[in-house]
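Visitor:
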Amino acid sequence: MALKPRYKRRIFWATLSLIGALVFALIVIPPMITLNGLKPIVEKSVYEQTNVPAKLNGNIHFSLIGGATIVAHDVAVPTAKIGAVMFSIPFGSFFDIKNAKLNDAVVVYDANITIDKLAPAMFNHDIEIYNSTINFLGREYYIVRADFTNGEFHGTIRTDDHKYDVEFIGDTFHIKNKNNNLNITGQIYSDGSTRGQMSLETDNVNEWLGFSEPKIKQHIGLTADFEWDGGTGYKFTNIIADNFSGNVEVSPNGDRTIQLVSNDAIFDFSFLLKPSHIQHQTNYNLDLYGDLKLGDRNFKHLKINAISNKNKFQITHIVADEIAITGGTITKDGAHDIMITTIIDGKNTMCLFSGTPQNWQCSKFSYGDISGRISVSDGKYNIFAESNTPLPDTKTLNQMLDKIGSSGTVKFKFADIGGTYHISNGKTTASYDYATNKTLGWIKTNIPFLPPYMMQDIGNFIWQNDIMTFTPHNQKWQLSTYDNYFNLSGHSFKSWLPKLDLRSIQDGTYTISGFYSGNKISNLNIKIKNHEFYGNASGKNITLHTDTLNIDEILNPNFVKNYSEQEFLTNAPILIPFDLPVQISLSANKLIYKNNEFSNFVYALKENSQTFSISDSARGNLLATIERDKTNYDISIQLNRFVINNKLLSSQMPLNVRDTMITAEISLNTHGQIAHDIYYNLNGTMDLSFDGGYIIGMSFDKFYASAENISILNAEYALANALGGGETKLKHMHIVGEYNQDNFITTSPIKLSMRHTDAVGGLAITNGMMTAEFDITMRGTAPTPATIQLSVMPDGGRKYSLSEIMQDFDIGFMRAFVKNHTMF
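Structural data, given as structure tokens:
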């Protein structure tokens, strides 16, 4: 039965569709259809043609479009894990895969490639890689695309920041990046190492050169030669950058050597003070000029030769401007034994430094001629300094200390002074051990009564146990003080009063001590030779007491011996005290003068008066006053039963008195400037009474004692002997007269009372020559004795007449009289 045309058409298109479906099914294989069963054959074929051993872990799909295309998933090769590998074979070889030849390049997708070292590509077939990563020495690189063709590699690789064009041709390579003008060329060696040259511009040169410190923050253009060991070790040599040059080496263990030179660098080297920030041992060899920072200081030049790691910074040598640093280490705990030398204020300065910025020390330091040690803790310093030069002046010293801190202690030993300064906020308290070539004015001592020359004498101080001792270079005296106690001693007390004419006084050692407060001295003790005085002083007023005041020991015997000459040269001794700049009250239990001892002596010196007094129950009383008015003097002497020993007048006088008691009122005045004039110009009145003792020049006692042996024949001879010399006990004598320039004359009759004898008369002493006239009554020579008129000549001669007394002389009456009048 014949089909209708429309049915024929339907059957044709249905058959054609079925055939097309069969053909499409052959070309486009459904995913569920794989070549997994042929994996060993495919693996072997790929290895033989690419020289890459591959393990096909995933499904193998294929397509017949345009030929036979095989896609293998999850492929493992020795250095990579690949997401997918695609390669093509001739269509006719699809059913003979074992002997199939690869048509085009092998295409790799989503591979994770690990490269241990660089080596020239050794593939037997072209390979294309897309969207894959390379893990090389711990870093990941992203392959955008890459071709391996005829032993050459051409590709584009990205990092997080940049994209690089990479070429490997045989054992040479070329890497470039237009963004930072990177251009690297080099050669790969059989051991995986490389050498080459590079140039680039970058904002992170530290990362490129493999070191983190010092940080180079500016945009840098540089060229360099490089060497890479194929692992983690590399070198950059002949680095030439915009503002530095040098070499950088990183050892396989991470140790680094950085050698940089620059004339215009901007670096911060403060990291050297914090070695824990440095993760690898780094050997620094830097010589830089520019804007450089180290800690809180800026420098124009830094030269550093040192080794640093995370534990310590070992210094070989550092130069920072004028500062040189040698040896020592810096750790997290601070610096240790760093030798620092520099110039401060024009002086060579050295410090063996240890510590931190807050707590540090110079175990050894020098500043010019000064050496010692310094420690600073929490802003307070403790310094020891010594030198064979003088201590700097206060201003210079404060400037030096201000560089260290505001408070602390300075122990010092200089050529001229040693001691300790305690300084707190600008206030200084000083204590000293010694000081040389200084004056007392240097320590501003305020001990009363020190003469100006002592304040000006140059000498040395020593302090021991808070006792200060000053000894002048002339060693004539010495002063010691402790708190407010002082002790002044010397070899010559005359030198203590250099302006005073003390020739009349014997010189000797002296010691003066006491407690002073302002211008007052308590517990004052003065020792002069064998004399010791106690008392106190207030201003110019001195009160002293001594047990014995021996004038004989005080007076200079040579002065006394040569007084006839000395009296023309000085006003000593009596008027010398007026030259003292003080007022004195002196008392003594005993006074010794010319071997005579007197009790209760009191002396008072005021500006224009001197007072002497003796109150001796055994030897009587004396009160003498000298008052001054310029060169005029009034002298008043009062004696009350005052005992004198020996003769009153010189032995040349024809009449004299010895060992008597005197009661007297003497008023004198004088004027002059030397002792001779003072004595020569004396004039005034004297009222003298003598009780007891002996009158020399008459021997009436001997006459009456010989009464039994006197006869009318020898009576005249006996009387002549009595009037011509010898001595007689004195009962009483009263003399009133005037004294004028070493001359004396009585102004009223002398009344003289002796045993059995009385006399009335007068006397005169002129130019050292005495004349006297007496009317003498010798009781007992007669019931009514006659008067003998006696004239005494200066040479001791006598003029008298015995005729009258001999007329009435009664021997028997005299003998009876003597026997009946035994009382004195």
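Convert by adding 253 to the 1-based position in the sequence shown; the result is the number in my numbering. Note that beta-carbon positions come from the ideal geometry of N, C-alpha and C, so glycine has one too.
#1: Whose C-alpha, out of L750, F746, S840, E296, is nearest the C-alpha of F865?
#2: Quick one: grab the DSSP three-state call for V813.
#3: In whole angstroms, give me the CA-to-CA distance for K565 and D508.
#4: Alpha helix (DSSP H) containing H929: first to last residue?
#5: Flag this pair as yes or no: are the beta carbons of V514 and D540 separated by less than 7 Å?
#6: Please go through the region 833-904 and give each complete beta strand (DSSP E) segment of 3 or more residues, from N-terminal end onward.
#7: Between which two residues does the alpha helix (DSSP H) holding K648 run?
#8: CB-CB under 6 Å to G771, same chain, minus the five flanking residues each way: which ones, in chain order?
#9: Could you round the C-beta distance between V951 and T981 to whole angstroms and report it? I think they count as a contact, below 8 Å.
#10: Taking the straight line between their C-alpha atoms, what separation do you get for G990 and N824?
#11: Looking at the structure shown, is Y442 part of a helix, part of a strand, or coil, going by DSSP?
#12: Quick check: Q863 and L876, are their CB atoms within less than 7 Å of each other?
#13: Quick check on Q512: does DSSP put it in helix, strand or coil?
#14: Are the region 794-803 and the region 734-742 touching by the rule of at least three beta carbon pairs closer than 8 Å?
#15: Take G925 and list the residues in its own chain whose beta-carbon comes closer than 7 Å to its own, dropping the five residues that flank it on each side.
#16: For L275 and T322, what's the separation of their Cα atoms in angstroms?
#17: Straight-line CA distance for P306 to D444?
#18: Compute the distance between the beta-carbons of T764 and S742, then report whether it is under 7 Å.
#19: Note the first and the last residue of the continuous beta strand (DSSP E) segment covering G587.
#20: Once you ignore the five residues that flank A1035 on each side, which residues in its own chain have a CB closer than 7 Å to its CB?
#21: Under 8 Å Cβ to Cβ from P1002, same chain only, skipping five residues before and after it: list those, please.
#22: Could you please give me the residues that DSSP links to T662 through a beta bridge?
#23: Assuming I829 is part of the beta strand (DSSP E), what are its boundary residues?
#24: If I'm right that S561 touches T535 with Cβ under 8 Å, what's the distance once you round it to whole angstroms?
#25: Under a three-way DSSP split, which group does A278 fall into?
#26: If you follow the alpha helix (DSSP H) that N974 is in, where does it begin and where does it stop?
#27: To test your reading of the DSSP string, which unbroken beta strand (DSSP E) runs of 3 or more residues are found completely within the region 526-574?
#28: Measuring alpha carbon to alpha carbon, tell me which residue in P1038, I804, F786, K773 is nearest V793.
#29: Is it a yes or a no for the region 597-604 touching the region 617-630, going by three-plus beta-carbon pairs under 8 Å?
#30: Are there 16 or more other CB atoms within 10 angstroms of the CB of H1009, so buried, or fewer, so exposed?
#31: 7 Å is my cut-off, CB to CB: does L941 come that close to chain C?
#32: Helix, strand or coil: which one does DSSP assign to K1004?
#33: Can you list, in chain order, the residues of its chain whose CB lies under 7 Å from that of L828, leaving out five sequence neighbours each side?
#34: Closer than 8 Å is the cut-off here; do at least three beta carbon pairs connect the region 772-790 with the region 716-723?
#35: Looking at the structure shown, is N436 part of a helix, part of a strand, or coil, going by DSSP?
#36: For S889 versus T916, is the C-beta distance shorter than 7 Å?
Guide: The short version:
#1: Among L750, F746, S840, E296, the Cα nearest to that of F865 is on S840.
#2: DSSP places V813 in helix when its eight states are reduced to three.
#3: Their Cα atoms are separated by approximately 14 Å.
#4: Counting along the chain, the unbroken alpha helix (DSSP H) around H929 starts and ends at 928-933.
#5: A contact, by the Cβ cut-off of 7 Å.
#6: You should have 836-846, 849-859, 862-869, 873-882, 885-900.
#7: Residues 647-655.
#8: So no residue of the chain qualifies.
#9: Reading the sequence as shown, one finds Met at residue 951 and not Val. Between T981 and M951 the Cβ distance is about 5 Å, and since that is below 8 Å, they are a contact.
#10: Their Cα atoms are separated by approximately 27 Å.
#11: Annotated three-state conformation of Y442 is coil, per DSSP.
#12: Pairing Q863 with L876 gives a Cβ-Cβ distance that is not under 7 Å.
#13: When secondary structure is reduced to three states using DSSP, Q512 falls in the strand class.
#14: Counting Cβ pairs under 8 Å, fewer than three are found: no touch.
#15: Around G925: T884, I931, N934.
#16: Only weak support is given to the placement of L275: the predicted model assigns it a pLDDT of 41, under 50, and the question is left unresolved by the model.
#17: Answer to the nearest angstrom: the Cα atoms are 22 Å apart.
#18: For T764 and S742, yes; Cβs fall inside 7 Å.
#19: Per DSSP, G587 is one residue of the beta strand (DSSP E) stretching across 587-597.
#20: Taken in chain order, the residues that qualify are D1061, F1062, D1063, F1066.
#21: Short of 8 Å from the beta carbon of P1002, and not among the five residues preceding or following it, lie these beta carbons of its own chain, in chain order: V1013, G1014, G1015.
#22: T662 is bridged to N635, H675.
#23: Careful: I829 lies outside any beta strand (DSSP E) and carries neither H nor E.
#24: Cβ atoms of S561 and T535 come within 8 Å of each other, at about 5 Å.
#25: Its pLDDT being 44, under 50, A278 is placed unreliably in this model, and the value from its coordinates should be taken loosely. A278: helix per DSSP, three-state reduction.
#26: Unbroken alpha helix (DSSP H) run through N974: 968-977.
#27: Entirely contained in the region 526-574, the beta strand (DSSP E) runs reaching 3 residues are, in chain order, 535-547, 550-561, 565-573.
#28: It should be pointed out that residue 793 corresponds to Lys in this sequence rather than to Val. Nearest option by C-alpha distance: K773.
#29: Touching, yes.
#30: Buried is the call here.
#31: This model lacks chain C altogether; it includes just one protein chain.
#32: Here K1004 sits in strand by DSSP.
#33: Within the same chain, Cβ atoms closer than 7 Å to the Cβ of L828 are found at I931, the five residues on either side in sequence being excluded.
#34: The way I'd put it, the region 772-790 doesn't touch the region 716-723; fewer than three beta-carbon pairs between them come closer than 8 Å.
#35: Residue state, collapsed to three classes: strand.
#36: Taking 7 Å as the Cβ cut-off, S889 and T916 do not qualify as a contacting pair.
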